[in-house]
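The block underneath contains the structure these notes are about, expressed in structure tokens.
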Amino acid sequence: MKSRPFRPGIPGFLSILAAILIFAAAPAAAATVVALGASNTYGKGVARGQAYPAQLEAILRAKGTNIRVVNAGINGDTTDGMLRRLGQAVPKGTSAVILQPGGNDRRKGSPDRTSEIRSQLSARGIPVIMIPNSSFRGLPHQPDGQHLTPEGYHMLAEQVASQVAGAIGR
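My numbering puts the first residue of the sequence shown at 27, with every later residue one more than the last.
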């Protein structure tokens with residue numbers, strides 16, 4: 027019996043070609059970025075869609091970036107609280123973390139654990155984008171003088187958008 031070389035024929039070839047094209051055209055998984063912080067990350071005093079994490083996601087998506095920004099901000103949180111919930115707030119597969127420690131440590135007499143948060147994230151290979159309190163200077167604030175307005179959160183999101191895009195390589 028004479029052996030013939032494998033020839034898939036037109037239907038087999040088209041099936042293989044279709045599989046290759048589908049795989050090549052499949053969108054890359056969205057990069058997950060976690061915004062970790064206190065009330066100015068949470069967006070105290072504004073609707074969820076007006077907080078800077080939601081506005082940042084919208085800005086980057088409008089530029090064609092496949093991204094999901096998770097708001098892990100908690101009103102009144104300290105860096106000690108952020109450190110305690112780090113494993114839950116920043117799941118495996120997170121592409122980057124935006125860390126905004128806030129001023130609650132000083133107000134509550136709590137130790138600043140920012141370096142420990144950064145160290146743990148670094149050990150996991152997760153880049154950290156810092157938003158220091160000085161970033162809020164000159165931005166529109168609510169009457170309490172502590173929290174930003176929707177416009178202020180938008181301006182903050184615009185400020186960090188390029189850093190986030192660079193950190194996730196998109």
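Beta carbons: idealized from backbone N, C-alpha and C, even for Gly.
{"Query": "Between the alpha carbons of Q221 and L112, how many angstroms are there, rounded?", "Result": "The question about residue 221 has no answer, for the chain in this structure spans 27 to 196."}
{"Query": "Might you give, ordered along the chain, the residues of its own chain that have their beta carbon closer than 8 Å to the beta carbon of R74, omitting 5 neighbours on each side?", "Result": "A80, N97"}
{"Query": "Answer yes or no: do N159 and G128 have a C-beta to C-beta separation smaller than 9 Å?", "Result": "yes"}
{"Query": "Quick one: residues in its chain with C-beta nearer than 7 Å to the C-beta of L86, no 5 flanking neighbours on either side, listed in chain order?", "Result": "I93, A187, V190, A191"}
{"Query": "For the putative contact between A57 and R196, defined by C-beta atoms under 8 Å, what is the C-beta separation to the nearest angstrom?", "Result": "6 Å"}
{"Query": "Residues in the same chain with beta-carbon distance under 6 Å from T105, minus the five sequence neighbours each way, listed in chain order, please.", "Result": "P127, D131, D138, R139, T140"}
{"Query": "On the three-state DSSP scale, how would you describe H167?", "Result": "strand"}
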